[in-house]
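Q: So the number in our numbering is just where the residue sits in the sequence shown, counting from 1, plus 344. Beta carbons: idealized from backbone N, C-alpha and C, even for Gly. Predicted model only: the values in this text are computed from it and were never measured. The following block contains the structure, expressed as structure tokens.
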Amino acid sequence: MDQFPVIVSLFGAGVGLAAWRINRQQRKITSHLIDGRRIKVVCVLKDPQAPRWTRGHFVIESGAWSWEPRPRQKNLLMLPPDLEVARVRELGLKEITRLNGRFLVMECTSAQGEVLVAALHGHVEHVFMALNRP
345 MDQFPVIVSL FGAGVGLAAW RINRQQRKIT SHLIDGRRIK VVCVLKDPQA
395 PRWTRGHFVI ESGAWSWEPR PRQKNLLMLP PDLEVARVRE LGLKEITRLN
445 GRFLVMECTS AQGEVLVAAL HGHVEHVFMA LNRP
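Following this line, the structure appears as structure tokens:
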């Protein structure tokens, strides 16, 4: 019974350290975006007809964005330049088994059809703003 306060305090310290690191990372990405520097956001893409999600980075630079698939990616999906976010939603039942539970899915439309873009909660607003920039 003497070890219970030690275990609780170690658990609390771990949670605090994780929250501090996530907050620091989010502030760093936001400050780089404000300064106009290049940032890379981890994202996954899916064409509704494709069977798998394509992992890669959504790169945001001053006034422009691009998509970089992971090296050796089998399913190469390129983003159309006229992509616009139609809706943001939580993961569905099928998607939650394949993706990180902290991802949000952006349903995007373009002239070539619909594309799903998933990013972490803290990074969705950066991708959303880049895609909907005039």
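(1) Give me, in chain order, the residues of the same chain whose beta-carbon lies closer than 6 Å to that of R414; leave out the 5 immediate sequence neighbours on both sides.
(2) Specify the secondary structure class of A362 as computed by DSSP and reduced to three states.
(3) Would you say R431 and E451 are within 7 Å of each other, going by their C-beta atoms?
(4) Quick one: what's I440 bridged to in DSSP?
(5) Decide if the segment 435-445 is in contact with the segment 353-371; the criterion is three or more beta carbon pairs, one per stretch, under 8 Å apart.
(6) Do you know offhand how far E405's Cα is from K384's?
(7) Tell me whether L475 sits in a helix, a strand or coil according to DSSP, three-state version.
(8) Would a C-beta distance cut-off of 7 Å place L421 and D391 closer than the cut-off?
(9) Within its chain, find whatever has a CB closer than 6 Å to the CB of S454; leave out the 5 residues flanking it on each side and keep chain order.
(10) Which value, in whole angstroms, describes the spacing of the CA atoms of S410 and A394?
(11) Indicate the three-state DSSP secondary structure (helix, strand or coil) for A408 in the structure shown.
A: This is what the structure holds:
(1) For this step, residue 414 is matched to residue 70 along the sequence shown. Within the same chain, R414 has close Cβ partners R399, G400.
(2) Residue mapping note: residue 362 aligns to position 18 of the sequence shown, counting from 1. DSSP places A362 in helix when its eight states are reduced to three.
(3) Residue numbering aside, residue 431 sits at position 87 when the sequence shown is read from its first letter. Residue numbering aside, residue 451 sits at position 107 when the sequence shown is read from its first letter. Yes, they are a contact pair.
(4) Mapped onto the sequence shown, residue 440 falls at position 96. Answer is none; I440 lacks a bridge partner.
(5) no
(6) Against the sequence shown, residue 405 aligns to sequence position 61. Against the sequence shown, residue 384 aligns to sequence position 40. Answer to the nearest angstrom: the Cα atoms are 9 Å apart.
(7) As a first step, residue 475 must be located in the sequence shown, where it is residue number 131. If DSSP states are grouped into helix, strand and coil, L475 belongs with the helices.
(8) Here the question's residue 421 lines up with position 77 in the sequence shown. Here the question's residue 391 lines up with position 47 in the sequence shown. In contact: L421 and D391 (Cβ atoms closer than 7 Å).
(9) As a working mapping, residue 454 is identified with position 110 in the sequence shown. Contacts found: P424, D426, L427.
(10) Translated into the one-based positions of the sequence shown, residue 410 becomes position 66. Translated into the one-based positions of the sequence shown, residue 394 becomes position 50. The alpha-carbon atoms of S410 and A394 are separated by roughly 20 Å.
(11) If you number the sequence shown from 1, residue 408 lands on position 64. Three-state DSSP puts A408 in a strand.
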